[in-house]
Amino acid sequence: MKNYKLKEQERRKKEIYRIATKTLWQKGYDKTTIRDIARATEMTTAGLYYYFKSKEELLFQILDSHMDDMISGIRKITAQDIDPTDLIKRYIQYQVDTFCNDKYRTKLILSDDDCLTQEWYEQVKEKQRAYLLFWRQAIEAYCMKNGLSTENIAIDAHCLVGMCGWIYRWYDPKGDIKPENLALKIFETFLFGLTNKGKISSPVPA
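Going by my numbering, the sequence shown opens with residue 1064, and the numbers climb by one from there.
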């Protein structure tokens, strides 16, 4: 009986956070109130405070858990000991799939993480840096294997993750472009630029 109650409480908690995340996504963090979330979850504001003490704490818990899931997922891909080319391709597909399956949290981590303050902000940022490190290492491994310059790998990683992340602004998974085709296009575009780094054009003179 006790285990059943714990499972039911956990199920209810996940449902509350799912609805709260969607509400924040729809209205934006700044414009959403606790009362908005209470109405959406059909709870009282007092009932919500059992799960979080403030709107900022709610946002932190959403973003922090999202980064935990992202790191866990990319770590599983990395553990498969894949060729660097395929590793980059799988990372991209993973990022696209994450958006398709979890668009609310994906949008919030990209648009509202700077609404957090102090320790909460730093904790989420630290996990974002840890996530980016996987991409940097994969790109560096690809460059070393193919005799390419490893200069500015951090820029390359930010560009690639940015390409994958920005799809939340325009991509509709239910549209004409299938997720796997989008991931392949990003992969081909990035790899072309990486392989031809320094060959396509020179920096614009100051």
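Beta carbons: idealized from backbone N, C-alpha and C, even for Gly.
Only a predicted model underlies this, so the values are computations on that prediction, with no experimental measurement involved.
Inset, instruction - Quick one: using the 10 Å Cβ neighbour count with 16 as the cut-off for buried, is Phe1115 buried or exposed? - result: buried
Legend entry - Start and end residues, alpha helix (DSSP H) containing Trp1183: 1181 to 1208
Inset, instruction - Less than 8 Å between the CB atoms is what I'm expecting for Asp1175 and Leu1122, so what's the real figure, rounded? - result: 6 Å
Legend entry - Rounded C-alpha distance that separates Arg1055 from Gln1143: For the chain, the structure presents residues 1064 to 1269; residue 1055 sits outside this window and is missing.
Inset, instruction - Report, in whole angstroms, the separation of the C-beta atoms of Phe1162 and Tyr1231, which I expect to be a contact under 8 Å. - result: 6 Å
Inset, instruction - Give every residue of the same chain whose Cβ lies closer than 7 Å to the Cβ of Ile1155, excluding the five residues on either side of it in the sequence, and list them in chain order. - result: Cys1227, Ala1246, Ile1249, Phe1250.
Inset, instruction - Check whether the Cβ atoms of Ile1125 and Thr1084 lie closer than 7 Å to each other. - result: yes
Inset, instruction - May I have the straight-line CA-CA distance separating Leu1111 from Ile1082, to the nearest angstrom? - result: 12 Å
Inset, instruction - Compute the beta-carbon to beta-carbon distance between Ile1172 and His1129, rounded to the nearest angstrom, for a pair I have assumed lies under 8 Å. - result: 5 Å
Inset, instruction - At 4 residues or longer, and completely inside the segment 1143 to 1187: list those alpha helix (DSSP H) runs for me, N to C. - result: Along the length of the segment 1143 to 1187, whole alpha helix (DSSP H) runs at least 4 residues long occupy 1147 to 1164, 1166 to 1174, reported in chain order.
Legend entry - Contacts around Thr1107, its chain only, beta-carbon distance under 8 Å, and the 5 residues preceding and following it disregarded: Ala1101
Legend entry - Alpha carbon of Gln1200 to alpha carbon of Lys1260, nearest angstrom: 17 Å
Legend entry - Own chain residues within Cβ distance below 6 Å of Glu1189, not counting five before or after: Counting only Cβ-Cβ distances below 6 Å, and skipping sequence neighbours, we find nothing.
Inset, instruction - Could you tell me the boundaries of the alpha helix (DSSP H) in which Phe1123 lies? - result: 1118 to 1141
Inset, instruction - Please name the residue in Leu1257, Gly1210, Trp1233 whose C-alpha comes closest to that of Ile1218. - result: Leu1257
Inset, instruction - Tell me where the alpha helix (DSSP H) around Arg1102 begins and ends. - result: 1097 to 1104
Inset, instruction - Would you check if the distance between the CB atom of Trp1088 and the CB atom of Lys1139 is smaller than 7 Å? - result: no
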